[in-house]
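Going down the list, the protein sequences come from chains A and B.
Here the first sequence stands for residues 1 to 108, where the numbers follow the working numbering.
Here the second sequence stands for residues 109 to 216, where the numbers follow the working numbering.
Even for Gly, the Cβ is constructed at its ideal location relative to N, Cα and C.
Protein chains: 2
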Amino acid sequence: MKSDKRKRLEAAGWKVGSTRQFLGLSNEESAYIEMKLALARGLRKQRESQNLTQTDLARRIGSSQSRVAKMESADPTVSLDLLVQSLLSLGTSPQDVARLLRPVSRAA
Amino acid sequence: MKSDKRKRLEAAGWKVGSTRQFLGLSNEESAYIEMKLALARGLRKQRESQNLTQTDLARRIGSSQSRVAKMESADPTVSLDLLVQSLLSLGTSPQDVARLLRPVSRAA
DNA sequence: GACTGATATGTCATTCGTGACATATCATTA
DNA sequence: TAATGATATGTCACGAATGACATATCAGTC
């Protein structure tokens with residue numbers, strides 16, 4: 001289940017979609033990474049919009065600054081659970097979370 | 109972070125939204141449970157629509173029948189990661205996953 | 001330059017999710 | 001009733017995710 005070929009790559013902020021073939025990632029793998037990246041970006045955006053530091057957020061969710069940094073860089077060691085729960089802690093609704101996963105909003 | 113007051117309750121299939129106050133769940137907690145329930149329902153629906161047994165799905169994702177059953181009942185021990193990765197294994201796209209999280213489609 | 005605050009990176013012990021297994025429950029069919 | 005197939009529930013050893021800490025990097029400001 002874990003397929004760790006990507007380990008260090010996603011953390012570096014690669015455009016996963018465009019390098020998928022190059023890295024030899026399966027559809028599921030890249031879809032999963034895309035989702036994590038979307039949530040990671042959303043988390044950072046939410047945090048910054050509330051003028052919180054990583055340390056502030058860490059305190060609020062009972063974690064540490066280093067883990068928040070890893071969340072926002074979509075580190076392989078952070079789970080979707082932690083990302084989602086952090087977003088919820090910032091007041092993001094499940095619907096908002098869903099929106100983060102569909103950057104392509106249905107125009108007209 | 110774990111707040112296990114709900115342990116056995118969500119698994120039993122309660123209407124979380126309606127019993128939130130009664131159970132004393134925070135907004136975040138109930139939102140998190142709602143999300144898990146939505147994914148759990150989606151997983152079962154997807155699996156059944158492809159005429160797969162829990163054992164079939166388990167084999168496909170490298171897990172076991174018992175864990176699939178727990179996924180579909182939103183057992184507290186199953187992570188969002190596992191739910192999401194299982195959905196992706198069934199061909200669900202990240203956008204589809206997002207749709208599962210917003211049962212209330214924006215009408216008009 | 002040095003100092004400060006924020007963020008990034010690496011490591012580790014503890015905790016939690018996991019697959020696997022046993023077994024139970026529930027339908028269906030004979 | 002028994003037998004078969006599917007699903008549910010309980011337990012456990014193992015591996016992965018976690019918070020915590022140290023330390024590094026980076027931007028401002030003096």
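Inset, instruction - Give the residues of chain A in contact with Ser181/B, contact being defined as C-beta atoms less than 8 Å apart. - result: Going along chain A, no residue has its Cβ under 8 Å from Ser181/B, so there is no contact; the nearest lies around 17 Å.
Legend entry - Rounded separation between Thr200/B and Thr55/A - CA only: Using only the alpha carbons, I get a separation of about 36 Å.
Inset, instruction - Find the nearest neighbour of Leu101/A within the set Ala31/A, Asp75/A and Asn27/A, judged by alpha-carbon distance. - result: By alpha-carbon distance to Leu101/A, the top candidate from Ala31/A, Asp75/A and Asn27/A is Ala31/A.
Legend entry - Span separating the alpha-carbon of Gln65/A from that of Leu57/A: Each residue's alpha carbon lies about 8 Å from the other.
Legend entry - Segments of 4+ residues assigned as alpha helix (DSSP H) that fall wholly inside the region 143–191 of chain B: Listed in chain order, they are 162–169 and 173–180.
Inset, instruction - Could you work out which residues of chain A lie near Leu196/B, taking near to mean beta carbons separated by less than 7 Å? - result: Residues of chain A with a Cβ closer than 7 Å to the Cβ of Leu196/B are, in chain order, Glu28, Ala31 and Tyr32.
Inset, instruction - Under 8 Å by Cβ, that's how I've got Leu80/A and Lys45/A pegged, so tell me the actual separation to the nearest angstrom. - result: In this structure Leu80/A is not in contact with Lys45/A, their Cβ atoms being roughly 17 Å apart against a cut-off of 8 Å.
Inset, instruction - Just the chain A side, please: which residues come within less than 7 Å of Asp189/B by C-beta, in chain order? - result: Ser79, Leu80 and Asp81, listed in chain order.
Legend entry - Assigned exposure category for Pro103/A - 16 Cβ within 10 Å defines buried: Within 10 angstroms of the beta-carbon of Pro103/A lie fewer than 16 other beta-carbons, which makes it exposed.
Legend entry - Three-state secondary structure (DSSP) of Pro94/A: Residue state, collapsed to three classes: helix.
Inset, instruction - Determine the burial state of Gln193/B: buried for a count of at least 16 other Cβ atoms within 10 Å of its Cβ, exposed for fewer. - result: Under this definition Gln193/B is a buried residue.
Legend entry - Residues within the region 162–179 of chain B neighbouring chain A, beta-carbon criterion of under 8 Å: So the list reads Ile169, Gly170 and Ser171, given in the order they occur along the chain.
Legend entry - Which of helix, strand or coil DSSP assigns to Arg210/B: In this structure, Arg210/B counts as coil in the three-state DSSP scheme.
Inset, instruction - Compare the beta carbon distance of Glu28/A and Leu147/B with 7 Å and say whether it is the shorter of the two. - result: Not in contact: Glu28/A and Leu147/B (Cβ atoms no closer than 7 Å).
Inset, instruction - Using three-state DSSP, classify Ser26/A as helix, strand or coil. - result: Coil, per DSSP.
Legend entry - Within chain B, partners of Ala40/A - CB distance below 7 Å: Per Cβ cutoff of 7 Å: no residues; Ala40/A is ~14 Å from chain B at best.
Legend entry - Sequence-distant residues of the same chain with beta carbon closer than 6 Å to Ile169/B, five excluded per side: Here the set comprises Ser194 and Ser197.
Legend entry - Check whether Pro94/A and Glu142/B have beta carbons under 7 Å apart: Against a cut-off of 7 Å, the Cβ pair of Glu142/B and Pro94/A comes out as a contact.
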